[in-house]
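Quick note: the sequence shown, position 209, residue 848 per the numbering used here, numbers continuous. The beta-carbon is built from N, C-alpha and C at its ideal position, and this holds for glycine as well. Accompanying notes for the structure given below.
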Amino acid sequence: MDDQNKNLILATALSFLVILVWFLLFPPPEQAPGTDIEQATEQPLPGQGADPSLSPTADPGLDPASGSTGETGTAAAAPSEIDALVSAARVTIDTPKLTGSISTLGGRIDELALKDYNETLDPDSPLVDLFIPEGSESAEPAYYALHGWIALEGIEGAAVPGDRTEWQIEGEGTLTPETPVTMTWDNGQGQLFRKTFSVDEDYLFTITQSVENTGEGEIVLRPYGQVRRHGLPDSRPFFILHEGVVRMSDGTLEEIDYDDMPDLEQDEERIEVTENGWIGFTDKYWMANLIPAPGTGFRSVAREVGGIYLTEAVQSPVTVAAGATVSAESQLFAGAKEWETIREYENEQGIEGFVDSIDWGWFFFLTKPIFAVLHWLNQLIGNMGWAIIGLTLVIKAILLPLAYKSYVSMAKMRELQPEMQKLKERAGDDREAMQKGMMELYKKNKVNPASGCLPLLLQIPIFFSLYKVIFVTIELRHAPWIGWIRDLSAPDPSSIFNLFGLLPWAPPEPGSILATVFIGVLPILLGISMWLQQKLNPAPTDPTQQMVFAWMPWIFMFMLGNFASGLVIYWIANNTITFLQQYAIMRSQGYKPDILGNIRGARAAGAKAGDKK
């Protein structure tokens, strides 16, 4: 077995092994069923006494505005409360990217849909719902944001607004980028609370809370914001994707899965942020994050109580003197994880590390620049599929010096084949003499047999990084290429099963066993491109090598058949460019690959092997 073929088999086998281990030995975890809303208790942190911000309430066990400690509360709202939530007056939200409403019961932002995103490729399909109110008939659990105050000194816990407070709309109107909306609530004890909502043209809400103290003594309060999720989202978890809590605390990014939240210790669920940070929930393409004003400290909280998953930002205490008014401002991001939008918030609004809310993974040092180049190419070309091909050209250009050395080495090794054959005949069964002679031959002709393996091995992290980019970035969702490829984040929808649409029946469902067998056009082109790349070199004489080489393209064809179309396009383009590079470089070194001869030779070898059987 010559070293060139050893290197190629080694690199191919390693690629196959890594992918196989990834997708077979580490399958997606089972979706944990949404837990029923049960009773839950919570105690203050050691040394913090009866800080009301850490205590449950007789209402849901979640509201930090309670002044009690150690009580047990039922998280589920009573039927009468659900009726009140459904019938409460609402303020309409209407922006270029959002539609929904704010409930006056609790002042919750609890109904929000994304205008630019449909559930399916059908433009008439429903919009993607981000926030869902309690009592909704949606299959998804309730999901909403609310803001309020914690009573500390000079005021009773019941005298601050909570999640069942009935707010009054001040004036009339719809919440738009041009028209903010204000709600008021008078506690009847000398304090008037106001909550003003404003929103930009993308996904950022600004909530300004104020309290006017007309009482006789000063009061001390803490403003807070919460995002609540009643049960787990109806999504299909995947092991390379994080869904759950994402938070930034003074430059440190933390991700907490939903199933880890019930087991958090109190020092894990609560982090004191001194200057900059944010916290919220992230899904594959959407997220909701609480963002206190940059430069202000707050307590960042992530916890699960009775089946309700909660993230919370509790800001520093404020003192309101008699006759004074104090306000506190915070922001809420609720929308799609668009890279350009999020990056602008980070750069323009000073939201530290906000672009890292996108799940870039362990290879972030590759995924982030890869996506930046892909995004730039997409803006330049106007089509994400062609941008992927352009990205492939960029990557191959960067790796060209290394590839050149590799292909030159491979061409020189081809020239040494006659001498290597003579050496093999002289050495016979003496493997030590054979290895020693080969090393001397390589040294004499300045050939590095390992150089042919390195470019192929470098493709593995690039391949996985691009897979991550295509899987998690919303810019690839429902992005078309040509013809039948209308979603680059999904597998090729064509199928041999119905002769690529010529027969009047539907192809197999994606992810099914039939879909794995009856692959589409792109996977077939992938197999062909790998097979042609193989034929740049003669078939190895060793029967085992022949078998590996013969089956490898077609194994990869079926194995990658259900991958995202964008990834298969990259692999086809990569194989095609590699073929052209290798052919040109080998020709420049005086070695002319006999592709047709290699194909005929492989057929003859296969026929000969069949005759022996």
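Legend entry - Beta-ladder partner(s) of Met887, from DSSP: Under DSSP, Met887 shares a beta bridge with Leu892 and Trp917.
Inset, instruction - Can you grab the Cα-Cα spacing for the pair Glu809 / Asn915, in whole Å? - result: For the pair Glu809 and Asn915, the Cα-to-Cα distance works out to about 32 Å.
Inset, instruction - Just mark Phe1202 as buried or exposed, buried being the case when its beta carbon has 16 or more other beta carbons within 10 Å. - result: Buried, since its Cβ has 16 or more Cβ neighbours within 10 Å.
Inset, instruction - Evaluate Thr980 with the Cβ neighbour count: other Cβ atoms within 10 Å of its Cβ, from every protein chain shown; 16 or more gives buried, anything less gives exposed. - result: With a threshold of 16 other beta carbon atoms within 10 Å, Thr980 meets it and is buried.
Inset, instruction - Determine which residues share a DSSP beta bridge with Tyr783 and list them. - result: DSSP lists Arg867 as partners of Tyr783.
Inset, instruction - Could you tell me which residues DSSP puts in a beta bridge with Leu814? - result: As a beta-bridge residue in DSSP terms, Leu814 pairs with Ile732.
Legend entry - Contact the region 1167 to 1175 vs the region 1197 to 1214: 3+ CB pairs below 8 Å: They touch, by the three-pair rule.
Inset, instruction - Can you give me the start and stop residues for the alpha helix (DSSP H) that Ala797 sits inside? - result: First-last for Ala797: undefined, no H or E at that position.
Inset, instruction - Taking only the alpha-carbon atoms, compute the straight-line gap between Pro1119 and Ala1129 and give it to the nearest angstrom. - result: The straight-line gap from Cα to Cα measures roughly 10 Å.
Legend entry - For Thr738: DSSP bridge partner residues: Looking at the DSSP assignment, Thr738 forms a beta bridge with Asp733 and Ala752.
Legend entry - Distance CB(Ser874)-CB(Asn928) smaller than 8 Å: Judged by their CB atoms, Ser874 and Asn928 are not nearer to each other than the 8 Å cut-off.
Inset, instruction - Kindly indicate which three-state DSSP category Tyr984 falls into: helix, strand or coil? - result: Looking at Tyr984 - three-state DSSP - the assignment turns out to be helix.
Legend entry - When Ser1227, Gly945, Thr950 and Ala932 are compared against Ser939, the one with the closest alpha-carbon: For the residues Ser1227, Gly945, Thr950 and Ala932, the minimum Cα distance to Ser939 belongs to Thr950.
Legend entry - DSSP state of Arg1116 mapped onto helix, strand, coil: Taken through DSSP and simplified to helix, strand or coil, Arg1116 comes out as coil.
Inset, instruction - Please go through the same chain and pick out, in chain order, the residues whose beta-carbon is closer than 8 Å to the beta-carbon of Ala727, but skip the five residues on each side of it. - result: The answer, listed in chain order, is Ser742, Thr743, Leu744 and Glu805.
Legend entry - Of the listed residues Ile1224, Thr731, Phe770 and Thr759, nearest to Glu750 (C-alpha basis): Selected option, being the one with the closest Cα: Phe770.
Inset, instruction - Under 8 Å by Cβ, that's how I've got Leu1199 and Trp1190 pegged, so tell me the actual separation to the nearest angstrom. - result: Your pair Leu1199 and Trp1190 does not check out as a contact, with CB atoms roughly 15 Å apart and the cut at 8 Å.
Inset, instruction - Report the partner residues of Gly974 according to the DSSP bridge assignment. - result: Met926, per the DSSP bridge assignment.
Inset, instruction - Would you tell me roughly how many angstroms separate the C-alpha atoms of Thr1155 and Asp1068, rounded to the nearest one? - result: Their Cα atoms are separated by approximately 45 Å.
Inset, instruction - Rank Asn1022, Phe920 and Ser969 by C-alpha distance to the C-alpha of Leu1115 and give the top, closest one. - result: With respect to the C-alpha of Leu1115, the residue from Asn1022, Phe920 and Ser969 having the closest C-alpha is Asn1022.
Legend entry - Spatial distance of Leu1235 from Leu1219 (CA atoms): A direct Cα-Cα distance of roughly 15 Å separates Leu1235 from Leu1219.
Inset, instruction - Give the secondary structure of Phe937 by DSSP, where H, G and I count as helix, E and B as strand, and everything else as coil. - result: In the structure shown, Phe937 sits in a strand (DSSP, three-state: E or B).
Legend entry - Reference Gly945; option with closest CA among Gly870, Trp1015 and Phe1003: When each option's Cα is compared against that of Gly945, the closest is Gly870.
Inset, instruction - Compute the distance between the beta-carbons of Thr815 and Asp761, then report whether it is under 8 Å. - result: In this structure, Thr815 keeps its C-beta atom at 8 Å or more from the C-beta atom of Asp761.
Legend entry - the region 859 to 869 / the region 881 to 895 touching (three or more Cβ pairs under 8 Å): Not touching, per the Cβ criterion.
Legend entry - Buried versus exposed, by CB contacts within 10 Å (16 or more), Phe1188: Label assigned to Phe1188: buried.
Legend entry - Span of the alpha helix (DSSP H) around Met822: Not the alpha helix (DSSP H): Met822 falls in the beta strand (DSSP E), residues Val820 to Asp825.
Legend entry - Member of Ala1042, Ser966, Arg861 and Trp978 whose CA lies at the smallest distance from the CA of Ala952: Of the listed residues, the one whose Cα sits closest to Ala952 is Arg861.
Inset, instruction - State the Cα-Cα distance for the pair Ile618 and Asp1131, rounded to the nearest angstrom. - result: No answer is possible for residue 618: the residues shown for the chain start at 640 and end at 1252.
Inset, instruction - Can you say whether Lys1162 is buried or exposed, counting buried as having 16 or more other CB atoms within 10 angstroms of its CB? - result: Looking at the sequence shown, residue 1162 is not Lys but Pro. It is buried - the Cβ of Pro1162 has at least 16 other Cβ atoms within 10 Å.
Legend entry - Candidates Val912, Pro872 and Ile947, of which the one nearest Met900 by Cα: Closest option to Met900, judged by alpha-carbon separation, among Val912, Pro872 and Ile947: Ile947.
Legend entry - Val660 - DSSP class collapsed to helix/strand/coil: In this prediction, Val660 has a pLDDT of 48, which is less than 50 and means its spatial position is unreliable; what the coordinates show is noted afterwards. Residue state, collapsed to three classes: helix.
Inset, instruction - Output the boundary residues of the alpha helix (DSSP H) element that contains Asp906. - result: Asp906 -> alpha helix (DSSP H) spans Gln905 to Glu908.
Inset, instruction - Would you mind giving the Cβ-Cβ distance between Gln954 and Ser969, rounded to the nearest angstrom? I have them listed as a contact below 8 Å. - result: Contact holds; Cβ gap of about 7 Å.
Inset, instruction - In angstroms with no decimal places, state the Cα-to-Cα distance between Asn1087 and Trp1001. - result: Those two C-alpha atoms are separated by around 32 Å.
Inset, instruction - Identify, in the order they occur along the chain, each residue of the same chain with its Cβ nearer than 7 Å to the Cβ of Phe1103, setting aside the five sequence neighbours on each side. - result: Excluding sequence neighbours, Phe1103 sits near Phe1002.
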